[in-house]
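Numbering (the working numbering), first residue to last: 143 to 533.
Beta carbons are placed, not taken as given, at the ideal position from N, Cα and C, and that holds for glycine.
The structure displayed is predicted, hence computed values, not measured ones.
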Ligand SMILES: Cc1ncc(C[n+]2csc(CCOP(=O)(O)OP(=O)(O)O)c2C)c(N)n1
Ligand SMILES: [Mg+2]
């Protein structure tokens with residue numbers, strides 16, 4: 143790895159760490175609402191994996207999703223704004239911690255349902271297959287997700303249909319307060335892939351280089367052989383499951399022991415041992431990252447809240463993938479999908495109504511009687527129009 147890249151990866155891990163430490167403070171101060179799940183301790187997995195992705199590849203993740211967005215190059219100011227519910231946020235302040243979507247960077251965001259996004263990863267893989275490109279999709283999830291039915295369904299269909307998806311378990315040993323010893327009959331989680339004939343391996347998730355090597359190999363298999371892989375990265379989260387977790391299910395000693403193999407510490411040590419950088423270099427970048435965080439907070443403080451009208455926006459999306467049969471067989475659909483445009487047979491989009499044109503809520507006395515059809519709602523009408531195409 144070239145010197146500059148080795149240092150850039152160190153900086154990325156540090157940025158995630160400092161970003162989240164600041165988030166924890168802001169949460170305690172009541173400036174961040176909702177849930178907050180921190181990735182602290184697991185940074186090497188996201189940063190190592192992301193470092194070998196191509197800009198046109200995709201990723202999808204679970205609710206512990208801040209690290210992926212930062213490692214993929216999202217602006218921390220937009221991410222903190224999202225956490226604070228500001229209109230400048232990456233999901234316009236409407237997603238919060240668990241929903242850092244960043245489609246221009248191929249980031250399909252976090253998901254609050256354990257295992258809920260694994261079928262979506264298979265869907266993205268299927269989309270790549272339809273487009274006939276050599277892109278890949280990386281899918282990150284926790285050890286808790288491997289016991290969900292969606293995990294098995296997704297792995298099965300990915301193997302069956304040769305989908306270019308790399309599934310990455312971040313095994314931090316706990317699902318909320320439940321240790322994997324109490325949740326999984328097989329402790330080597332990567333072996334679950336043997337049931338589906340999927341290539342698999344485990345990797346030390348605290349070692350950036352090891353993660354990078356394992357993910358690069360899996361990506362290559364997905365890109366050229368169109369085969370999925372299951373990786374298990376052994377890692378650890380230092381903080382509670384979320385900010386409201388008192389952490390009574392593990393000892394202080396266990397956490398301290400794991401912190402000795404801290405990924406940022408290990409990578410920094412390696413950079414110094416190889417005489418590529420000095421401790422002073424590492425200290426200087428830390429200072430720079432801390433200053434960046436202060437500027438990030440200042441940006442958020444001067445950001446507006448979302449206007450009330452914006453709650454009607456970003457609710458539904460029109461997708462050309464709703465008609466799978468046409469997408470596979472109809473030449474007009476196939477070429478439209480390859481060129482990333484809407485197939486010609488879709489009805490024209492229903493324009494979003496101007497705020498003043500929206501139907502006002504009926505006064506209580508004029509509500510339709512029980513059983514009577516409800517007044518048409520423009521958003522529902524748009525969905526019904528889309529649904530007809532797929533039926
Ligand atoms: C289907 C479903 N069941 C239960 C929950 C509640 N829940 C939220 S996080 C979590 C633990 C998941 O742990 P893991 O997959 O190991 O990820 P980690 O939080 O350790 O990163 C549970 C049970 C949920 N969100 N979705
Ligand atoms: Mg876990």
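For residue 436, the number of other beta carbons within 10 angstroms of its own is below 16, and it is reported as exposed.
Judged by DSSP in its simplified three-state form, residue 455 adopts coil rather than helix or strand.
Here residue 351 carries a helix assignment [DSSP, helix/strand/coil]. For residue 372, the uninterrupted beta strand (DSSP E) run begins and ends at 371 to 376, by DSSP.
Runs of the alpha helix (DSSP H) lying entirely within the region 166 to 250 and spanning at least 4 residues, in chain order: 185 to 192, 208 to 213 and 218 to 225.
Between residue 329 and the set 374, 246, 265 and 164, the nearest pair of CA atoms involves 374. Within the DSSP secondary-structure output, residue 391 pairs in no beta bridge. Rounded to the nearest whole angstrom, the C-alpha separation of residue 143 and residue 420 is 18 Å. Of the candidates 413, 430 and 447, the residue whose Cα lies closest to the Cα of residue 146 is 413.
By the CB criterion at 7 Å, residue 371 and residue 308 fall inside the cutoff. Using a Cβ distance threshold of 7 Å, residue 297 and residue 311 do not count as a contacting pair. Note: residue 280 is bridge-paired with 201 and 308 in the DSSP secondary-structure output. Close CB contacts of residue 154 within its chain, under the 6 Å cut and outside five residues either way in sequence, are with 189 and 213 (chain order). Contact between residue 156 and residue 447 fails: their C-beta atoms lie close to 31 Å from each other, not under 8 Å.
If you draw a 10 Å sphere on the C-beta of residue 245, you find fewer than 16 other C-beta atoms in it, and that means exposed.
Nearest Cα to residue 475 within the set 287, 273 and 445: 273.
When DSSP reads this structure, residue 345 sits in a beta bridge with 375.
Set against 6 Å, the gap from the CB of residue 304 to the closest heavy atom of ligand 1 is not smaller. Residue 477 carries a helical assignment under DSSP once its states are collapsed to helix, strand and coil.
Of 231, 257, 207 and 470, the smallest CA-CA separation from residue 249 is found for 207.
Between residue 211 and residue 242 the beta-carbon gap is near 4 Å, inside 8 Å, which marks them as a contact. Per the coordinates, the alpha-carbon of residue 444 lies some 29 Å from the alpha-carbon of residue 185.
Counted as a single uninterrupted DSSP element, the alpha helix (DSSP H) harbouring residue 260 occupies residues 260 to 273. Taking C-beta atoms as the reference points, residue 205 and residue 252 count as a pair closer than 7 Å.
Within 6 Å of the C-beta of residue 255 there is at least one heavy atom belonging to ligand 1. Taking C-beta separations shorter than 7 Å and ignoring five residues to either side along the sequence, the partners of residue 397 in its chain run 380, following chain order. Just so you know, the alpha carbons of residue 203 and residue 467 end up roughly 28 Å apart. Segment contact: the region 284 to 301 against the region 233 to 242, fewer than three CB-CB distances shorter than 8 Å; contact not assigned.
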